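J.: My questions all concern the structure below.
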Amino acid sequence: DAGVIQSPRHEVTEMGQEVTLRCKPISGHNSLFWYRQTMMRGLELLIYFNNNVPIDDSGMPEDRFSAKMPNASFSTLKIQPSEPRDSAVYFCASSLEQGLDRYEQYFGPGTRLTVT
Amino acid sequence: DQQVKQNSPSLSVQEGRISILNCDYTNSMFDYFLWYKKYPAEGPTFLISISSIKDKNEDGRFTVFLNKSAKHLSLHIVPSQPGDSAVYFCAASGSSNTGKLIFGQGTTLQVKP
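Residue numbers (my numbering), protein chains in the order written: chain A, 1198 to 1313; chain B, 60 to 172.
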């Protein structure tokens, strides 16, 4: 298995532009998580899907952020318009929501976003 | 509101010695705890976990201790190796029967040869 795949790996954009981050979870996993990593707050959960349905989006910072999961093998995180304070590493993770396996999340390599 | 806190941003240890990474939490409803390890330019990977019904779990050189009364857990690495140099994240989950995890800020461990 290729693991969780994220694209792009790096994104540099100007303030005000739309940014779309993409994620392909591990095949067979039914939960998907989007995180943002910053020095101050560590890994923050932004949104969590189970069986393609958003379960908890309380971590989404504001209306500029949106996430979708149109099918079991693809999810997007969109920022529109982007701001310099959105600069961070964004991780996607997936897990199998079954027993204690639900706690072991498999992370992608992350997308490093820089907004100038 | 940081429910999971790792108060030491960094730790430096000599190879062969013990590394002790600490984590504190505030929510008494947390019932499962995990440690993840992260190398540069990679995503975090699962390392070891512990249920709230236990106070210790060991896996090779890695041992996690849980003190529920103090709402504190620690990760011990013995002996430490240069390859252990990474960022370590503590995470906790509540009794919601979901896979949602709350992560700490991370501690950067450097093991010197």
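Glycine included, every Cβ here is placed at the ideal spot set by N, Cα and C.
Just so we're clear, the structure is a prediction, and the values are computed from it rather than from any experiment.
Look up V1209 of chain A in the DSSP assignment and give the residues it is bridged to.
T.: According to DSSP, residue pairing for V1209 of chain A in a beta bridge involves A:T1311.
J.: Counting only Cβ pairs nearer than 8 Å, list the residues of chain B close to P1306 of chain A.
T.: A100, E101 and G102
J.: Can you tell me where the beta strand (DSSP E) holding D1260 of chain A begins and where it ends?
T.: Annotation: D1260 of chain A is outside any beta strand (DSSP E) and is labelled neither H nor E by DSSP.
J.: With contact counted as at least three CB pairs below 8 Å, one residue from each stretch, are the segment 67-77 of chain B and the segment 1291-1305 of chain A in contact?
T.: no
J.: Along chain A, in chain order, which residues have C-beta atoms closer than 8 Å to that of L93 of chain B?
T.: Y1300 and E1301
J.: Would you check if the distance between the CB atom of F124 of chain B and the CB atom of S133 of chain B is smaller than 8 Å?
T.: yes
J.: Quick check for students: name the residue ranges of the beta strand (DSSP E) that lie wholly in the segment 1233-1274 of chain A, counting only runs of 3 or more.
T.: 1239-1247, 1250-1253 and 1262-1268
J.: Can you name, in chain order, every residue of its own chain whose Cβ lies under 8 Å from the Cβ of T1210 of chain A, other than the five neighbours on each side?
T.: Taken in chain order, the residues that qualify are V1216, S1279, L1310, T1311, V1312 and T1313.
J.: Residues of chain B with CB under 7 Å from G1239 of chain A, in chain order?
T.: Correct list: F148, F162, G163, Q164 and G165.
J.: So, is H1207 of chain A buried or exposed, given that buried needs 16 or more other C-beta atoms within 10 angstroms?
T.: exposed
J.: Do P1205 of chain A and S1270 of chain A have their beta-carbon atoms positioned less than 8 Å apart in this structure?
T.: no
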